[in-house]
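Student:
Number of protein chains: 2
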Amino acid sequence: MTAEIPPRQGHTTLQDVARLAGVSAKTAARAINGESNVRAETRERVFTAAAALRFRPNRLARELRQGARTGAVGLVIGNLDNPFYSQLAAGVDHALREHDLELIIASTDDEPERERVVVQAMLERRVTALMLVPSATDHSYLEGERQLGLPIIFLDRPPVTVVADSVLWDNHSGVREAIHELTTRGHRRIAALADSPELFTATERLTAFREALTEAGAEPDEALIVARVHDVPSAASATADLLARDDPPTAIIALNNRISVGAVSTLLRDDPACAFVGFDDFDLGETLGISVIANDPREMGNHAGQIALRRLKDGTGAPERISLPTRLVQRGSGERPVS
Amino acid sequence: MTAEIPPRQGHTTLQDVARLAGVSAKTAARAINGESNVRAETRERVFTAAAALRFRPNRLARELRQGARTGAVGLVIGNLDNPFYSQLAAGVDHALREHDLELIIASTDDEPERERVVVQAMLERRVTALMLVPSATDHSYLEGERQLGLPIIFLDRPPVTVVADSVLWDNHSGVREAIHELTTRGHRRIAALADSPELFTATERLTAFREALTEAGAEPDEALIVARVHDVPSAASATADLLARDDPPTAIIALNNRISVGAVSTLLRDDPACAFVGFDDFDLGETLGISVIANDPREMGNHAGQIALRRLKDGTGAPERISLPTRLVQRGSGERPVS
DNA sequence: AGCAGGAATGTCATCGATGTCAAAGAGAGA
DNA sequence: TCTCTCTTTGACATCGATGACATTCCTGCT
């Protein structure tokens with residue numbers, strides 16, 4: 021029978037370092053953490069020992085000992101595949117740099133079920149702040165954590181059943197601006213492509229669309245409003261359907277980034293004459309002369325990060341609610357007159 | 021003097037639950053963790069107590085007690101802003117779902133310094149697996165962890181000074197295919213746009229480019245090879261410079277995704293007649309008829325996730341090295357003859 | 001030389017969950 | 001009724017780092 025080789029002999033611990041350096045664990049800790057009141061020569065010995073043993077402090081232990089706040093921030097988004105979310109994440113990441121905060125990212129695919137699961141996991145890991153693009157509608161399950169002082173920040177969609185900070189879009193202004201531009205140029209039959217009405221942003225943008233149209237004296241034609249457009253392919257075909265009507269719209273507005281890409285792909289092929297305004301920028305949008313209602317997901321993420329950092333320093337206070345602008349960027353496709 | 025309100029009165033602990041349920045902590049733990057040998061009635065009492073107190077187990081404590089392996093996986097990439105990386109991350113995320121593994125993401129902006137820092141932080145957090153798109157060249161600092169059995173997976177670029185699994189592209193085949201297509205159609209003056217030669221993929225693709233060109237009997241013209249093209253704007257201007265030459269190329273190949281977008285933006289404006297092949301797909305690539313050497317970052321991420329999961333089950337073994345195909349997708353821009 | 005007082009170091013308990021091992025309970029069979 | 005075994009439960013130590021507090025070591029000053 022051969023001697024058992026331990027499958028994983030564990031990391032070297034502070035104790036090991038201390039032993040090798042001939043000091044107590046506490047002193048070793050002091051040296052490693054750069055506390056004062058450690059003799060230079062002792063510090064040196066500890067560092068040497070630590071290097072020799074390739075010592076890596078165990079954050080789990082440290083954070084357990086020190087209490088609730090860890091160095092990890094949780095970010096819950098829809099899906100990294102979608103550039104909106106990945107840029108959002110990039111913004112958060114950017115804000116957290118230089119602050120020794122790790123970023124834990126989980127995606128929900130906008131399923132409320134999954135949101136619960138991933139948020140739960142993050143809470144068990146004792147993240148020090150939680151940011152989420154909510155997909156569930158009831159967030160009372162976060163109430164306990166809130167009371168414990170956990171900074172919670174909602175992105176893109178507002179908190180409903182819980183008090184929390186939020187960073188949202190001013191969806192109205194951009195959409196109104198776009199519709200104003202179109203109606204000014206004579207468009208009356210304007211179609212809109214939107215995502216599911218369950219989504220806050222979809223509904224809000226659609227509402228802005230209807231209001232702006234009505235204000236301009238053009239009655240919105242419900243037949244030209246296509247909701248529940250989820251992804252690029254469905255947006256492409258929905259656009260084709262609109263153009264194939266007996267009474268096609270003279271202009272189309274797409275109300276999120278994926279829908280914009282799908283619509284553009286059809287328009288480029290079928291009818292470059294139809295006026296178009298997208299939402300949220302995308303690759304080559306500028307080159308192709310596509311007018312868009314621009315927003316900046318990175319900035320949203322960045323703001324969220326800033327709020328989190330502020331909360332971590334400052335503690336409590338009234339919930340913040342930041343509204344980020346969306347504005348029309350004119351590049352040609354939205355300025356086409358009625359054809 | 022008012023009574024101090026404790027700033028954060030900590031989470032409820034298993035002890036609290038046990039006390040309320042009238043059992044010992046150990047029994048409460050057994051109930052919560054669904055172990056057998058717990059009387060149904062006892063389990064019930066514990067669950068009730070846990071619910072009442074909104075108990076959330078502390079994973080830090082659990083993982084500390086149980087040893088090295090946590091439920092977190094570390095992913096180190098360049099930058100979430102770049103769709104290549106975000107799709108890679110999406111693939112990893114996808115693979116890890118249903119496995120109760122959290123994903124910690126950190127970006128390096130391809131700076132070796134930062135890689136060290138973020139990897140260090142992940143190791144201190146005792147991630148259970150580490151995946152990285154390396155930016156440093158020396159990874160001997162990972163040797164210790166490797167010996168401790170930490171699964172390490174390199175993405176996009178191979179490990180050099182350390183033994184590890186890897187998932188890479190077969191850069192050669194796609195590039196050769198593209199060059200073959202171009203030369204077959206008579207192109208001899210083909211330009212290439214590549215990223216910094218420090219990057220493994222840039223150099224490898226450029227090498228494949230030169231080889232393929234030579235094989236076809238067309239001597240590569242170094243004046244048409246532009247390296248160190250980092251981002252979209254610089255790719256756009258580099259392309260413009262090429263087209264403005266006295267002896268402009270008749271075809272251009274771009275060797276990564278950002279460069280492709282930049283080059284396309286210039287080509288669409290200045291000279292739609294120049295043949296073009298991009299690398300890595302992008303929005304509207306299909307619609308615009310842009311031929312590309314396609315790869316699938318999602319798949320790369322997915323593979324990495326699979327390897328990690330396998331290693332976590334299985335333990336050790338020889339390092340895996342997966343090579344993913346890149347293949348030419350013909351959509352028109354690459355099939356233009358010499359103009 | 002003697003002593004005050006800060007600097008340097010050490011001891012021990014603790015964070016929360018869980019592995020180990022032992023004790024208490026509960027049936028089954030004689 | 002009394003062992004014997006299996007089930008259920010509990011006491012205690014432990015993971016690794018660190019806070020609170022105690023102790024030892026200097027150094028300057030009288």
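Protein chains in written order, with this note's numbering: chain G, 21 to 359; chain H, 21 to 359.
C-beta atoms are modelled at their ideal positions from N, C-alpha and C, and glycine is treated no differently.
Keep in mind that this is a model prediction, so the values were computed, not measured.
#1: In the DSSP assignment, the alpha helix (DSSP H) including residue 198 of chain G goes from what residue to what residue?
#2: Assign residue 223 of chain H to one of three DSSP states: helix, strand, or coil.
#3: Going along the chain, which residues of its own chain have a beta-carbon closer than 6 Å to the beta-carbon of residue 16 of chain G, five neighbours each way excluded?
#4: Cβ closer than 8 Å: which chain H residues qualify as neighbours of residue 307 of chain G?
#5: My guess is that residue 139 of chain G and residue 116 of chain G are in contact by the Cβ rule of under 8 Å, so how many angstroms apart are they, rounded?
#6: According to the neighbour-count rule (16 or more other Cβ atoms, all chains shown, within 10 Å of its Cβ), is residue 253 of chain G buried or exposed?
#7: Helix, strand or coil for residue 233 of chain H? Go by DSSP, reduced to three states.
#8: Checking 8 Å against the spacing of the C-beta atoms, do residue 263 of chain G and residue 213 of chain G come in under that value?
#9: If you measure from the beta carbon of residue 80 of chain G to each beta carbon in chain H, is any gap under 8 Å?
#10: Starting from the Cα of residue 171 of chain G, find the closest Cα among G:211, G:357 and G:328 and give me that residue.
#11: Could you tell me the alpha carbon to alpha carbon distance between residue 102 of chain H and residue 83 of chain H, rounded to whole angstroms?
#12: My understanding is that residue 65 of chain G touches residue 41 of chain G, with C-beta atoms under 8 Å, so please give their C-beta distance in whole angstroms.
#13: In whole angstroms, what is the alpha-carbon distance linking residue 24 of chain G and residue 31 of chain G?
#14: Any idea what DSSP makes of residue 311 of chain G, helix, strand or coil?
#15: Taking residue 205 of chain H as the reference, which of H:355, H:43 and H:49 has the closest Cα?
#16: Would you kindly work out how many angstroms separate the C-alpha atoms of residue 61 of chain G and residue 149 of chain H, rounded to a whole number?
#17: Who are the neighbours of residue 164 of chain H on chain G, taking C-beta pairs under 7 Å?
#18: With burial defined as no fewer than 16 other Cβ atoms inside 10 Å of the residue's Cβ, what is the status of residue 359 of chain H: buried or exposed?
#19: Going by CA-CA distance only, name the one from H:340, H:334 and H:316 that's closest to residue 111 of chain H.
#20: Strictly below 8 Å CB to CB, what residues from chain G border residue 299 of chain H?
#21: Can a CB atom of chain H be found closer than 8 Å to the CB of residue 175 of chain G?
#22: Check the Cβ-Cβ distances between residue 84 of chain G and every residue of chain H, and say whether any is below 8 Å.
#23: For residue 184 of chain H, which option in H:228, H:174 and H:334 has the closest C-alpha, if you only look at C-alpha atoms?
#24: Tell me, please, whether the CB atom of residue 302 of chain H is closer than 8 Å to any CB atom in chain G?
#25: Pick out whichever of G:56, G:251 and G:180 has its Cα sitting closest to the Cα of residue 341 of chain G.
#26: Look up residue 295 of chain G in the DSSP assignment and give the residues it is bridged to.
#27: Excluding the 5 residues preceding and the 5 following residue 109 of chain G in the sequence, name in chain order all residues of the same chain whose CB lies nearer than 8 Å to its CB.
#28: Checking the sheet assignment: what are the DSSP bridge partners for residue 41 of chain H?
#29: For residue 235 of chain H, would you say it is in contact with chain G, using Cβ-to-Cβ distances shorter than 8 Å as the test?
#30: Taking the CB atoms as reference points, tell me whether residue 189 of chain H and residue 221 of chain H lie closer together than 8 Å.
#31: Looking at residue 248 of chain G and residue 280 of chain G, is the spacing between their C-beta atoms short of 8 Å?
#32: What whole-angstrom Cβ distance do residue 229 of chain H and residue 273 of chain H have, given they're in contact under 8 Å?
#33: Going by DSSP, name the residue or residues bridged to residue 147 of chain H.
#34: Cβ of residue 126 of chain G less than 8 Å from any chain H Cβ?
#35: From what residue to what residue does the beta strand (DSSP E) around residue 94 of chain H run?
#36: Under the rule that 16 or more other beta-carbon atoms within 10 Å means buried, what is residue 119 of chain G, buried or exposed?
Tutor: So, to answer that:
#1: Along the first sequence, read from residue 1 onward, the residue named residue 198 of chain G stands at position 178. Per DSSP, residue 198 of chain G belongs to the alpha helix (DSSP H) from 191–204.
#2: Numbered from 1 along the second sequence, position 203 holds the residue referred to as residue 223 of chain H. Helix.
#3: Chain G is shown from 21 up to 359; residue 16 of chain G falls before or after that span and cannot be answered.
#4: In the first sequence, the residue the question calls residue 307 of chain G occupies position 287. Within 8 Å of the CB of residue 307 of chain G, the CB atoms of chain H belong to 284, 285, 288 and 289, in sequence order along the chain.
#5: Along the first sequence, read from residue 1 onward, the residue named residue 139 of chain G stands at position 119. Along the first sequence, read from residue 1 onward, the residue named residue 116 of chain G stands at position 96. About 19 Å separates the two Cβ atoms, so there is no contact after all.
#6: As a working note, residue 253 of chain G is residue 233 in the first sequence. Taking every protein chain shown into account, the CB of residue 253 of chain G has fewer than 16 other CB atoms within 10 angstroms, so this residue is exposed.
#7: In the second sequence, counting from the first residue as 1, residue 233 of chain H sits at position 213. The three-state secondary structure of residue 233 of chain H, taken from DSSP, is helix.
#8: Here residue 263 of chain G corresponds to residue number 243 of the first sequence, with the count starting at 1. Here residue 213 of chain G corresponds to residue number 193 of the first sequence, with the count starting at 1. Not closer than 8 Å, so no.
#9: In the first sequence, residue 80 of chain G corresponds to position 60, counting from 1. Closer than 8 Å to some Cβ of chain H, the Cβ of residue 80 of chain G qualifies, so yes.
#10: In the first sequence, the residue the question calls residue 171 of chain G occupies position 151. Nearest to residue 171 of chain G by C-alpha distance, out of G:211, G:357 and G:328, is G:328.
#11: Locating residue 102 of chain H in the second sequence gives position 82, counting from the first residue. Locating residue 83 of chain H in the second sequence gives position 63, counting from the first residue. One C-alpha to the other measures close to 34 Å.
#12: If you number the first sequence from 1, residue 65 of chain G lands on position 45. If you number the first sequence from 1, residue 41 of chain G lands on position 21. 4 Å between Cβ atoms; contact.
#13: On the first sequence, residue 24 of chain G is found 4 positions in, with the first residue counted as 1. On the first sequence, residue 31 of chain G is found 11 positions in, with the first residue counted as 1. Confidence in residue 24 of chain G is poor, its pLDDT being 34 and thus under 50, which makes the residue's placement unreliable; the coordinate value appears in the next sentence. If I take the Cα positions, the gap works out to 19 Å.
#14: Here the question's residue 311 of chain G lines up with position 291 in the first sequence. For residue 311 of chain G, the three-state secondary structure derived from DSSP is strand.
#15: Residue numbering aside, residue 205 of chain H sits at position 185 when the second sequence is read from its first letter. The shortest Cα separation from residue 205 of chain H among H:355, H:43 and H:49 belongs to H:355.
#16: Along the first sequence, read from residue 1 onward, the residue named residue 61 of chain G stands at position 41. Along the second sequence, read from residue 1 onward, the residue named residue 149 of chain H stands at position 129. If I take the Cα positions, the gap works out to 37 Å.
#17: As a working note, residue 164 of chain H is residue 144 in the second sequence. Under the 7 Å cutoff, chain G gives 74.
#18: Position 339 of the second sequence, counted from the first residue, corresponds to residue 359 of chain H. With fewer than 16 neighbouring CB atoms inside 10 Å of its own CB, residue 359 of chain H falls in the exposed class.
#19: By 1-based counting over the second sequence, the position of residue 111 of chain H is 91. It is H:316.
#20: For the purposes of this step, residue 299 of chain H is taken as the residue at position 279 of the second sequence. Correct list: empty, because the minimum Cβ distance to chain G is about 14 Å.
#21: Within the first sequence, numbered from 1, the residue matching residue 175 of chain G stands at position 155. It does not; no Cβ of chain H falls within 8 Å.
#22: As a position in the first sequence, residue 84 of chain G is number 64, starting the count at 1. At least one chain H Cβ lies under 8 Å of residue 84 of chain G.
#23: Here residue 184 of chain H refers to the residue found at position 164 of the second sequence. Nearest in C-alpha terms to residue 184 of chain H, of all of H:228, H:174 and H:334, is H:174.
#24: By one-based count along the second sequence, residue 302 of chain H stands at place 282. Yes, residue 302 of chain H counts as interfacial toward chain G.
#25: One-based indexing of the first sequence puts residue 341 of chain G at position 321. Of the residues G:56, G:251 and G:180, the one whose Cα lies closest to the Cα of residue 341 of chain G is G:180.
#26: Stepping through the first sequence from its first residue, residue 295 of chain G is reached at position 275. Residue pairing for residue 295 of chain G: DSSP places it in a beta bridge opposite G:271.
#27: One-based indexing of the first sequence puts residue 109 of chain G at position 89. Same-chain partners within the cutoff: 95, 97, 100, 123, 125 and 321.
#28: For the purposes of this step, residue 41 of chain H is taken as the residue at position 21 of the second sequence. Looking at the DSSP output, residue 41 of chain H sits in no beta bridge, so it has no partner there.
#29: Walking along the second sequence from the start, residue 235 of chain H turns up at place 215. Residue 235 of chain H does not count as touching chain G.
#30: Counted from its first residue, the second sequence places residue 189 of chain H at position 169. Counted from its first residue, the second sequence places residue 221 of chain H at position 201. Their beta carbons are under 8 Å apart, which means residue 189 of chain H touches residue 221 of chain H by this criterion.
#31: For this step, residue 280 of chain G is matched to residue 260 along the first sequence. For this step, residue 248 of chain G is matched to residue 228 along the first sequence. Between residue 280 of chain G and residue 248 of chain G, the C-beta spacing is not below 8 Å.
#32: Against the second sequence, residue 229 of chain H aligns to sequence position 209. Against the second sequence, residue 273 of chain H aligns to sequence position 253. Indeed they touch by this definition, with Cβ atoms about 7 Å apart.
#33: Stepping through the second sequence from its first residue, residue 147 of chain H is reached at position 127. In the DSSP secondary-structure assignment, residue 147 of chain H is not bridged to any residue.
#34: Residue mapping note: residue 126 of chain G aligns to position 106 of the first sequence, counting from 1. With respect to chain H, the C-beta atom of residue 126 of chain G has a partner C-beta closer than 8 Å.
#35: The sequence position of residue 94 of chain H within the second sequence is 74, counting from 1. Segment 92–97, the beta strand (DSSP E) holding residue 94 of chain H.
#36: Numbered from 1 along the first sequence, position 99 holds the residue referred to as residue 119 of chain G. Answer is exposed; the Cβ neighbour count stays below 16.
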